[in-house]
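**Student:** Under the UniProt record's numbering, the residues of the sequence shown are numbered 1 to 372, in order.
My questions all concern the structure below.
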Amino acid sequence: MLHEPRIGRDSFAGLSEAIAAHAPAHDANGSFPQEAFEELAMRGHLGRPPIAVGQAADLLHLLSAVGRGDLSVGRIFEGHVNALVLIDRFGTAHQRETAFRNASAEATYGVWNTDAPSNPLVLESGSLSGAKNFASGVDGLACAIVTVTLAEGRQMILLPTSVLTVDRSWWKPSGMRASGSHIISVENLNVSDEMFLGAPDTYIREPLFSGGAIRFVAVQTGGIHAIFDCAVEHLRRTGRAGNPYQSQRIALMGAALQTAYDWLLRGAEAWEQAENDPEDKAAANRLIATTQAARAVIERSAMTVLELAEQGVGAAGFNAPHPLERLDRDLRTYLRQPNPDGSLASLGDAITAGAWGPSFPRNLIAAIAEPR
């Protein structure tokens, strides 16, 4: 049943801890977190992540567990999952077979959509030139989906990373250093027919495009959980957890974190309803609106936990090598996803139009109604 507590520490046992073990070192030098992807590959998550119909809750559970270990790994892995989703939905049989075979052999994929403002990707006479910013994971990826604007719409192209020029001088962030979101460029690259993925504008086809934001929201939730873990452990270790004011902070952090997980379950429910009937426009609209609501609420939960953790731990948490120092700046950076205002405004419009509204979870209603 969807609303059983499937997102917890018992499933994907040890994954977050295994990923977290190498996070400080990769944060220090900005290197690709190779050990984490070896761990994901060993567990089968790289080659066969749970992206089939009916697996939305499992996927969000997995993404949150990865984010709990390291948000930089979560960002890159979410891009890998997104790439496999797009190839699975819009690729040819050969493209699908190649991608999943390569992923099973530990190849990592990505999706890069953000053009360099002064040098966007351009495709002319079969030749591709230009650059992309925020090319997360480029130092460890085998292939990435890039987008280029044609007269017919936004076209996806499968681009092997071996053909890229990488500018690493640009990525100097306060957080998410190990995501390696550098600038990549190509010049006069011949694009063959088999490199085209899907038709123009399939990349932005709804509800997959807007609804897919629930994946990065799941990674963010894992980051919130890591902050919570760190703060509670610090207060226990220093003998301050029993202080009534600290107990209140712990309680509020726990409630905010649980709210985030509950919204992931809402998102999984909406995703599965939309998948079960792709022609149901109302279900598609509910998925988009639910994702937008989850994004807003989980950001608020994150800010609540960040503030309370900072207050509870105090100045020590801002001084490396205290783990809160890195976790704090990683989450604050990763929360800054594109177009939050537009997303929230769209949700408001959906509510006003009667396309979405607060309700009791549908699957829980069905479970209550089942004869015992």
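Virtual Cβ for every residue (Gly too), placed ideally from N, Cα, C.
Out of GLY222, GLN34, CYS230, which has the shortest C-alpha to C-alpha gap to GLY67?
**Tutor:** It is GLY222 whose Cα lies nearest to the Cα of GLY67.
**Student:** Among residues of its own chain, excluding the 5 on either side of LEU71, which ones have a beta-carbon nearer than 7 Å to its beta-carbon?
**Tutor:** Excluding sequence neighbours, LEU71 sits near MET176, VAL219, GLY223, ASP330, LEU331, TYR334.
**Student:** For the candidate residues ASP139, PRO278, ALA255, whose alpha-carbon lies nearest to that of THR165?
**Tutor:** Comparing Cα-Cα distances from THR165 to each of ASP139, PRO278, ALA255, the minimum goes to ASP139.
**Student:** For LEU84 and PHE12, which I take to be in contact (beta-carbon distance under 8 Å), what is that distance rounded to the nearest angstrom?
**Tutor:** Actually they are not in contact, since the Cβ atoms of LEU84 and PHE12 sit about 18 Å apart, beyond 8 Å.
**Student:** Tell me the DSSP secondary structure of PRO5 in three-state form.
**Tutor:** Low confidence applies here, because PRO5 scores a pLDDT of 36, under 50, leaving its location unreliable; read the following figure in that light. Three-state result, PRO5: coil.
**Student:** Taking the DSSP output, what are the residues bridged to GLY239?
**Tutor:** Paired residues: none, contrary to the question.
**Student:** Once you ignore the five residues that flank ALA296 on each side, which residues in its own chain have a CB closer than 8 Å to its CB?
**Tutor:** So the qualifying residues of the chain are PRO340, SER343, LEU344, LEU347.
**Student:** I'd like the span of the alpha helix (DSSP H) that includes ILE87, first residue to last.
**Tutor:** Unbroken alpha helix (DSSP H) run through ILE87: 71-90.
**Student:** Once the 5 residues before and after GLU17 are set aside, which same chain residues still bring their CB inside 6 Å of it?
**Tutor:** Around GLU17: no qualifying Cβ.
**Student:** For the alpha helix (DSSP H) holding ASP27, just list the boundary residues, first then last.
**Tutor:** Counting along the chain, the alpha helix (DSSP H) containing ASP27 begins and ends at 23-29.
**Student:** Rounded to the nearest angstrom, what separates GLU187 and VAL122 at their Cα positions?
**Tutor:** Going from the Cα of GLU187 to the Cα of VAL122 covers about 10 Å.
**Student:** Please report how far the alpha carbon of GLY312 lies from the alpha carbon of SER104, in whole angstroms.
**Tutor:** Their backbone Cα atoms lie some 43 Å apart in a straight line.
**Student:** Along the chain, where does the beta strand (DSSP E) containing LEU344 start, and where does it finish?
**Tutor:** That residue, LEU344, is in no beta strand (DSSP E); its alpha helix (DSSP H) goes 340-352.
**Student:** Would you decide whether TYR245 is buried or exposed? Buried here means 16 or more other CB atoms lie within 10 Å of its CB.
**Tutor:** Label assigned to TYR245: exposed.
**Student:** Need the endpoints of the beta strand (DSSP E) that residue 387 sits in, please.
**Tutor:** Because residue 387 is not part of the residues shown, which for the chain are 1 to 372, the question remains open.
**Student:** On a Cα-Cα basis, can you pick out the residue from GLY212, PRO338, MET195 that is closest to ALA274?
**Tutor:** Nearest of GLY212, PRO338, MET195 to ALA274, Cα basis: GLY212.
**Student:** Go through its chain and collect everything with a Cβ distance to ALA282's Cβ below 6 Å, but skip five positions before and after it.
**Tutor:** Closer than 6 Å at Cβ, skipping near neighbours: no residue.
**Student:** Which residue comes first and which comes last in the alpha helix (DSSP H) that contains VAL305?
**Tutor:** Taken as a continuous stretch (DSSP letters only), the alpha helix (DSSP H) holding VAL305 covers 281-313.
**Student:** Could you give the first and the last residue of the continuous beta strand (DSSP E) run that contains ARG266?
**Tutor:** Per DSSP, ARG266 belongs to no beta strand (DSSP E); it is in the alpha helix (DSSP H), 244-276.
**Student:** Do you know how far the Cα of PHE209 is from the Cα of ASP201?
**Tutor:** Straight-line Cα distance between these residues: approximately 10 Å.
**Student:** Are GLU35 and HIS22 closer than 9 Å when you measure CB to CB?
**Tutor:** Going by C-beta atoms, GLU35 is nearer than 9 Å to HIS22.
**Student:** Work out the CA separation of GLY54 and GLY47 for me, nearest whole Å.
**Tutor:** Cα-Cα distance, rounded: 18 Å.
**Student:** With a 10 Å radius around its C-beta and 16 neighbouring C-beta atoms as the bar for buried, classify THR238 as buried or exposed.
**Tutor:** THR238 comes out exposed.
**Student:** Just verifying my parser: in three-state terms, what is the DSSP assignment at SER34?
**Tutor:** Just to set this straight, residue 34 is Gln in the shown sequence, not Ser. Three-state result, GLN34: helix.
**Student:** Please state the DSSP three-state secondary structure of MET176.
**Tutor:** DSSP places MET176 in coil when its eight states are reduced to three.
**Student:** Would you kindly work out how many angstroms separate the C-alpha atoms of ASN190 and CYS230, rounded to a whole number?
**Tutor:** Distance between the alpha carbons of ASN190 and CYS230 is about 49 Å.
**Student:** For the beta strand (DSSP E) that ALA99 lies in, which residues bound it at each end?
**Tutor:** Note, ALA99: premise wrong, no beta strand (DSSP E); alpha helix (DSSP H) at 93-104.
**Student:** What residue range does the beta strand (DSSP E) around GLU124 cover?
**Tutor:** Where GLU124 is concerned, the enclosing beta strand (DSSP E) stretches over 122-124.
**Student:** State buried or exposed for GLY110, treating a residue as buried only when at least 16 other CB atoms are found within 10 Å of its CB.
**Tutor:** The residue is buried, with at least 16 neighbouring Cβ atoms inside 10 Å.
**Student:** Measure the alpha-carbon distance for GLU192 versus LEU265 and round it to whole angstroms.
**Tutor:** Note that residue 192 is Ser in the sequence shown here, rather than Glu. C-alpha separation (whole angstroms): 41 Å.
**Student:** Which two residues bound the contiguous alpha helix (DSSP H) that contains ALA18?
**Tutor:** From DSSP, the alpha helix (DSSP H) with ALA18 extends over 15-20.
**Student:** On a Cα-Cα basis, can you pick out the residue from GLN155, ILE19, ALA28, HIS80 that is closest to PRO321?
**Tutor:** Among GLN155, ILE19, ALA28, HIS80, the Cα nearest to that of PRO321 belongs to ALA28.
**Student:** Just the Cα atoms here: how many angstroms apart are ARG215 and ALA316?
**Tutor:** In a straight line, the C-alpha of ARG215 is about 32 Å away from that of ALA316.
**Student:** Starting from LEU150, trace the beta strand (DSSP E) both ways and give me its first and last residue.
**Tutor:** Taken as a continuous stretch (DSSP letters only), the beta strand (DSSP E) holding LEU150 covers 143-150.
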